[in-house]
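Written out below as C-alpha coordinates is the structure these notes cover.
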Amino acid sequence: MNQQKIDNIFALEPKERYGYLIRKIADFETIYLIADNEDKYVMIGSNGNNVLPVWPEKEFAELFLIDDWHEFKVVEYSVNEFMDFLDDLEKDEIKLAGFPNLDLHTIHVSAIDMKHHILYEISQYE
(Lines of atoms letter the chains of each structure in order from A; the text may use other names.)
(Lines give C-alpha, C1' and ligand atoms only; values in the text may rest on other atoms or scores of the structure.)
Protein backbone atom coordinates (compact mmCIF):
# COMPACT_ATOMS: atom_id res chain seq x y z
CA MET A 683 0.00 0.00 0.00
CA ASN A 684 1.48 3.35 -0.92
CA GLN A 685 1.92 6.23 1.51
CA GLN A 686 -0.57 8.47 -0.32
CA LYS A 687 -3.35 5.89 0.13
CA ILE A 688 -2.48 5.49 3.81
CA ASP A 689 -2.50 9.27 4.32
CA ASN A 690 -5.81 9.66 2.47
CA ILE A 691 -7.53 6.95 4.50
CA PHE A 692 -6.15 8.21 7.82
CA ALA A 693 -7.43 11.69 6.89
CA LEU A 694 -11.02 10.43 6.77
CA GLU A 695 -13.35 11.31 9.63
CA PRO A 696 -13.62 8.56 12.30
CA LYS A 697 -17.09 7.51 11.13
CA GLU A 698 -15.89 7.18 7.53
CA ARG A 699 -12.84 5.15 8.63
CA TYR A 700 -15.17 2.90 10.61
CA GLY A 701 -17.23 2.28 7.47
CA TYR A 702 -14.02 1.47 5.62
CA LEU A 703 -13.08 -0.97 8.41
CA ILE A 704 -16.41 -2.80 8.21
CA ARG A 705 -16.28 -3.04 4.40
CA LYS A 706 -12.72 -4.40 4.46
CA ILE A 707 -13.54 -6.97 7.15
CA ALA A 708 -16.45 -8.22 5.05
CA ASP A 709 -14.38 -8.19 1.86
CA PHE A 710 -11.10 -9.74 3.07
CA GLU A 711 -12.56 -11.63 6.08
CA THR A 712 -9.69 -10.55 8.36
CA ILE A 713 -9.09 -7.95 11.05
CA TYR A 714 -5.96 -6.87 12.92
CA LEU A 715 -5.14 -6.10 16.55
CA ILE A 716 -1.89 -5.38 18.40
CA ALA A 717 -0.66 -7.58 21.26
CA ASP A 718 2.37 -7.73 23.52
CA ASN A 719 4.64 -10.76 23.90
CA GLU A 720 2.22 -12.25 26.44
CA ASP A 721 -0.64 -11.99 23.92
CA LYS A 722 -2.37 -9.21 25.86
CA TYR A 723 -4.03 -6.77 23.52
CA VAL A 724 -3.24 -3.07 23.64
CA MET A 725 -5.94 -0.76 24.83
CA ILE A 726 -6.29 2.96 24.17
CA GLY A 727 -8.30 5.65 25.89
CA SER A 728 -8.35 7.70 29.04
CA ASN A 729 -10.45 8.29 32.14
CA GLY A 730 -11.06 4.57 32.53
CA ASN A 731 -12.63 4.37 29.08
CA ASN A 732 -10.12 1.94 27.61
CA VAL A 733 -11.11 0.44 24.30
CA LEU A 734 -9.59 -2.23 22.07
CA PRO A 735 -8.32 -0.77 18.78
CA VAL A 736 -8.78 -2.75 15.57
CA TRP A 737 -7.56 -2.15 12.03
CA PRO A 738 -8.78 -3.39 8.63
CA GLU A 739 -5.36 -4.06 7.10
CA LYS A 740 -2.05 -5.21 8.55
CA GLU A 741 -0.17 -2.23 7.07
CA PHE A 742 -2.22 0.21 9.15
CA ALA A 743 -1.70 -1.69 12.40
CA GLU A 744 2.04 -2.01 11.76
CA LEU A 745 2.37 1.79 11.73
CA PHE A 746 1.62 1.71 15.47
CA LEU A 747 4.55 -0.58 16.32
CA ILE A 748 6.68 2.34 17.51
CA ASP A 749 7.53 4.02 20.80
CA ASP A 750 5.79 2.17 23.67
CA TRP A 751 4.54 -0.51 21.28
CA HIS A 752 7.80 -1.14 19.37
CA GLU A 753 8.17 -4.66 20.79
CA PHE A 754 4.53 -5.57 20.18
CA LYS A 755 3.13 -7.58 17.27
CA VAL A 756 0.20 -7.40 14.89
CA VAL A 757 -2.27 -10.24 15.34
CA GLU A 758 -4.58 -11.34 12.53
CA TYR A 759 -8.06 -12.75 13.17
CA SER A 760 -10.28 -14.40 10.63
CA VAL A 761 -13.75 -12.90 10.56
CA ASN A 762 -15.20 -16.07 12.14
CA GLU A 763 -12.69 -16.05 15.01
CA PHE A 764 -13.29 -12.35 15.50
CA MET A 765 -17.05 -12.79 15.68
CA ASP A 766 -16.60 -15.27 18.55
CA PHE A 767 -14.14 -12.88 20.19
CA LEU A 768 -16.74 -10.09 19.95
CA ASP A 769 -19.12 -12.20 22.01
CA ASP A 770 -16.48 -12.43 24.77
CA LEU A 771 -15.79 -8.70 24.56
CA GLU A 772 -19.50 -7.94 24.89
CA LYS A 773 -19.73 -10.08 28.03
CA ASP A 774 -16.74 -8.21 29.47
CA GLU A 775 -18.26 -4.86 28.40
CA ILE A 776 -15.18 -3.95 26.38
CA LYS A 777 -15.75 -1.48 23.57
CA LEU A 778 -13.80 -1.29 20.35
CA ALA A 779 -11.95 1.58 18.72
CA GLY A 780 -12.86 1.18 15.09
CA PHE A 781 -9.78 1.96 13.01
CA PRO A 782 -7.93 4.71 14.90
CA ASN A 783 -5.63 6.98 12.93
CA LEU A 784 -2.09 7.87 14.00
CA ASP A 785 -3.45 10.52 16.41
CA LEU A 786 -5.70 7.78 17.88
CA HIS A 787 -8.84 9.61 16.77
CA THR A 788 -11.48 6.97 16.41
CA ILE A 789 -15.07 5.96 16.93
CA HIS A 790 -15.97 3.73 19.89
CA VAL A 791 -18.54 1.01 19.39
CA SER A 792 -19.84 -1.84 21.49
CA ALA A 793 -18.82 -5.35 20.50
CA ILE A 794 -22.41 -6.30 19.72
CA ASP A 795 -22.83 -3.26 17.45
CA MET A 796 -19.65 -4.08 15.56
CA LYS A 797 -20.80 -7.67 15.20
CA HIS A 798 -24.14 -6.53 13.74
CA HIS A 799 -22.40 -4.10 11.38
CA ILE A 800 -20.04 -6.82 10.12
CA LEU A 801 -22.86 -9.36 9.70
CA TYR A 802 -24.93 -6.83 7.77
CA GLU A 803 -22.02 -5.97 5.49
CA ILE A 804 -21.23 -9.63 4.88
CA SER A 805 -24.89 -10.24 3.96
CA GLN A 806 -24.51 -7.62 1.22
CA TYR A 807 -21.82 -9.76 -0.41
CA GLU A 808 -23.99 -12.87 -0.64
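The sequence shown begins at 683 in the numbering used here and counts up by one.
Even glycine gets a Cβ: it sits at the ideal position worked out from N, Cα and C.
Since the structure is predicted, the reported quantities are computational estimates derived from the model, not experimental observations.
Coarse secondary structure for residue i, derived from DSSP in three states
i           : result
residue 797 : helix
residue 771 : helix
residue 760 : strand
residue 776 : coil
Same chain, Cβ closer than 8 Å to residue i, five either side skipped, listed in chain order
i           : result
residue 760 : 711 and 712
residue 807 : 708 and 709
Cβ distance (whole Å) where residue i is taken to contact residue j below 8 Å
i           : j           : result
residue 776 : residue 734 : 6 Å
residue 744 : residue 756 : 6 Å
residue 691 : residue 702 : 6 Å
Own chain, CB closer than 6 Å to residue i, minus 5 neighbours either side, in chain order
i           : result
residue 683 : 741
residue 794 : 772
residue 706 : 738
Cβ shell of residue i (< 7 Å), same chain only, five flanking positions each side left out
i           : result
residue 704 : 799, 800 and 803
- Query: Can you list, in chain order, the stretches of the beta strand (DSSP E) that have 3 or more residues and sit fully within the stretch 692–754?
  - Reply: 712–717 and 733–736
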